[in-house]
Amino acid sequence: MKLLLVEDNENVADFVAKGLRESGHTLDRADNGRDGLFLASSEPYDAIILDRLLPGGIDGIGIIEALRRTGNRTPILILSALGEVDERIRGLRAGGDDYLAKPFAFGELLARLDALVRRAQGSGETVTQLAVDDLRMDLLARKVTRADKPVVLQPREFKLLEFLMRHAGQVVTRTMLLENVWDYHFDPQTNVIDTHISKLRQKLDADAARPLLHTVRGVGYRLGGDA
Amino acid sequence: MLRLLRSASVRLTLVFAGLFVVAALILAGLLWWSTGAYLERETDAVIAADIQAIGDRLRDFGLPGAVTTIQERVAETADEHAIYLLTDPTLVPIAGNLSAWPAAVGPEQGWYQAALVRDGRPYAARLLHVSLRGGFQLLVGRDIQSWLAIRALILNALGWATLAALILAIGGGLLVRRAVLARIAQVNRTTAAIVQGDLRRRLPAPEEEDEFGRLALTINEMLSQIELLVEGVRNASNAVAHDLRTPLAELRAHLEGIGRGPSDAAPIPDAVRGALADAIADVDRLVAMCNALLRLAEIDSGARRAGFAKVALAHLVAEVAELYAALAEEKGATLTVDAAAAIEVTGDPDMLAQAVGNLLDNAVKYAPTGHIALTLGRRDDGRATIVVADDGPGIPAAERDKAAERFYRGDASRGSPGHGLGLAEVAAVAKLHGGALELTDNAPGLKATLVLGTA
């Protein structure tokens, strides 16, 4: 992927840049709002990682608004220090696509970028069927089968699996699941998500020859894809 | 009564009234000395002078001289009702205006007060009895009927005056007490509110530059100092938490980098991989702790109020319960939820979810095989309550107050995972929503009640 990182904190920028390059992405960097906006509007990127507070006369929100006004739909992930309460809401309202509070695990950033880019590349059509390997989900009938055998799920498990299937092959983090499946932005002290995943895994993979729901150590989970 | 005496204002009233009464009594005594008592002293002096004069005559001129003097005196003092009587040693009258020795006057010399009769009317008399040379007995006196009346009048007046003074003293004392008490009560109320947690509150600016005004100013200065110190400590810990996050994130990235390893190198041994995973988990715990601290700071600052919205508690509680139900089940605990009450509050849904989550997390942590009951309810005063009760070891009564302090970890929780901020965060969320976190004994176990203000 070709990515743009606009971040004035050198430590954070180096840390993100190193990780992204190691993961095989190409990266442009800007350390102020003006340069960031210039690059963002002149080069095609798969996604932009944007710090909320920037020097250079224009801050993160300003860049998002400027880009969206000109019809630029590049997915934008906003970075911001926790403690700026309504930042997430403001950032998303201005046209940002996702929001990540600093500090973050690099895996979290990568997973969210992946999800953003895939979503942007999606067809945009309403999907009624999801399939991963021999796992099938009928969104209208709300039925799930694995190798043509029905899998009985609770409503929340269905939602959880739907999210995983929509991001099949990608790593999803616990925080992403909590935000998207439970719609809460808080920090459960224990890994409560893990227990939900393991229950789901039992239902999906118990009798299967090939496990589908993988744990990605230190980051999260992945449905399908190579182990 | 003893309890009443312990009140400074009651003591002040009593001292005030006491002083007032003592002052009134001294004044009355002085008045008495210079009026009622003066009359008595005057009479006694006149009588003594008469005795002296008659005695002198007897000595100088013999019995006839004394008799003459007495007769002269009787004549001179006819309208003053002076009393003179000279007798021989057998008390037979020789001269004077008394027909017989009064029965009330005994054989001993000295002062007597006796009721005599003149013209058929009784009257009081003050008399001095002296034995003269040759066994003559001399009795000189004055009618004191009139000054007895005056004295009674003065005593009466002084009595009433003292009573009036007493009433004034008590009334004044009560007034002083009320005035003092009212201002002290005001200081008390405000400081109590400040103790409740709002360090930004101040006593109202004094209207007068008196002692109470100065007290208010001093207390306000003290509060400013305390606020500054608390702020300082808070800012320091926030700064530490804030500045730690970036290096922690970098550390995590380095550890992850080692885990990935250079692609051309030999595969990393499982033992090393496990140690790396443990180290990463440790870093994640540190980051979680920093985040919790910063969240606490954010809650305390009140900035979260910006995100307040109507929250249907039944829905929120049920959802968080569902989130933790799988965890409870996995550990072997039973979780029962009663969240049917339709209660709405104005609040921050994420913060409330965080608070309920922390309580459930604690319950599962300490009562992993027990029973946990989550109840949404409403108090008589209309405030919403979210109760999480477990039957685990609970918190000893002595530690309950401290349990919600930052980084406080009771003996029971040492060695178990967690950063000691969970309950502190719940308490802060409660406070943000105009409520409180109450920890009580569930006998056995802990009953944590999150009280919220309703809107």
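In order, the protein sequences belong to chains A and B.
Number 171 in our numbering belongs to position 171 of the first sequence; there are no gaps in the numbering.
Just so we're on the same page, our numbering is the position in the second sequence counted from 1, plus 227.
The beta-carbon is built from N, C-alpha and C at its ideal position, and this holds for glycine as well.
As the structure is a computational prediction, the values presented were derived from the model and not from experiment.
According to the DSSP assignment, residue 145(A) belongs to the beta strand (DSSP E) that extends over 143-146.
Assigned with DSSP and collapsed to three states, residue 427(B) falls in coil, not helix or strand. Taking 4 residues as the minimum length, the segment 303-332 of chain B contains no alpha helix (DSSP H) run wholly inside it.
Taking the beta carbon of residue 635(B) as reference, no residue of chain A falls within 9 Å; the closest one sits roughly 16 Å away. Contact between residue 220(A) and residue 212(A) is ruled out by a C-beta separation of about 15 Å, above the 8 Å threshold. Listed along chain A is no residue with a C-beta nearer than 7 Å to that of residue 505(B); the closest approach is about 10 Å. Straight-line spacing of the CA atoms in residue 96(A) and residue 478(B) works out to 28 Å.
Close CB contacts of residue 310(B) within its chain, under the 8 Å cut and outside five residues either way in sequence, are with 323, 324, 325, 343, 352, 354, 366, 367, 368, 369, 370 (chain order). Boundaries of the alpha helix (DSSP H) around residue 542(B): 540-558.
Take residue 49(A), set aside five residues on each side of it, and the residues of its chain with a beta-carbon closer than 6 Å to its own are 5, 77, in chain order.
The residue among 153(A), 185(A), 104(A) with its C-alpha nearest the C-alpha of residue 201(A) is 153(A).
About 5 Å separates the CB atoms of residue 616(B) and residue 669(B); that is less than 8 Å, so the two are in contact. Residue 104(A) is classed as buried because its beta carbon has at least 16 other beta carbons within 10 Å across all chains shown.
Residue-level contact by beta carbon holds for residue 105(A) and chain B, with a gap shorter than 7 Å. Counting along the chain, the unbroken alpha helix (DSSP H) around residue 36(A) starts and ends at 33-42.
The residue among 599(B), 505(B), 659(B) with its C-alpha nearest the C-alpha of residue 581(B) is 659(B).
In this structure, 553(B) is the residue among 677(B), 471(B), 553(B), 385(B) with its C-alpha nearest to the C-alpha of residue 199(A). Following the DSSP letters along the chain, one finds residue 138(A) inside the beta strand (DSSP E) bounded by residues 135-138. Identification of residues in the segment 506-520 of chain B having a C-beta nearer than 9 Å to some C-beta of chain A yields 507, 508, 510, 511, 514, 515, 517, 518, 519, given in sequence order.
Using a Cβ distance threshold of 7 Å, residue 547(B) and residue 583(B) count as a contacting pair. With a cut-off of 8 Å on Cβ pairs, the segment 464-473 of chain B is not in contact with the segment 188-199 of chain A, counting fewer than three such pairs. Selection 151(A), 136(A), 12(A) evaluated against residue 481(B) yields 12(A) as nearest (Cα-Cα).
Here residue 15(A) is buried. Its C-beta has 16 or more other C-beta atoms within 10 Å.
Contact annotation for residue 190(A) against chain B: 554, 588, 591, 592, 644 [CB-CB distance below 8 Å, chain order].
Each of 338(B), 375(B), 270(B), 359(B) was checked against the Cα of residue 314(B), and the nearest Cα belongs to 359(B). If you draw a straight line from the Cα of residue 171(A) to the Cα of residue 98(A), it is about 16 Å long. Pairwise C-beta distances place the segment 329-342 of chain B out of contact with the segment 234-242 of chain B, as fewer than three of them are shorter than 8 Å. Separation of the CB atoms of residue 240(B) and residue 400(B) is rounded to 4 Å, and the pair is thereby assigned contact status at 8 Å. At a cut-off of 4 residues, the continuous stretches assigned as alpha helix (DSSP H) that sit fully inside the segment 437-487 of chain B are 438-487.
Nearest in C-alpha terms to residue 551(B), of all of 595(B), 531(B), 513(B), is 595(B). A direct Cα-to-Cα measurement between residue 655(B) and residue 531(B) gives close to 11 Å. Of all alpha-carbon atoms in 601(B), 555(B), 575(B), 538(B), the one lying nearest the alpha-carbon of residue 566(B) is that of 601(B). Bridge pairing for residue 338(B): 355(B) [DSSP]. Contact between residue 440(B) and residue 433(B) holds: CB atoms are separated by about 3 Å, below the 8 Å threshold. In the three-state reduction of the DSSP assignment, residue 189(A) falls in the coil class, being assigned neither a helical nor a strand state.
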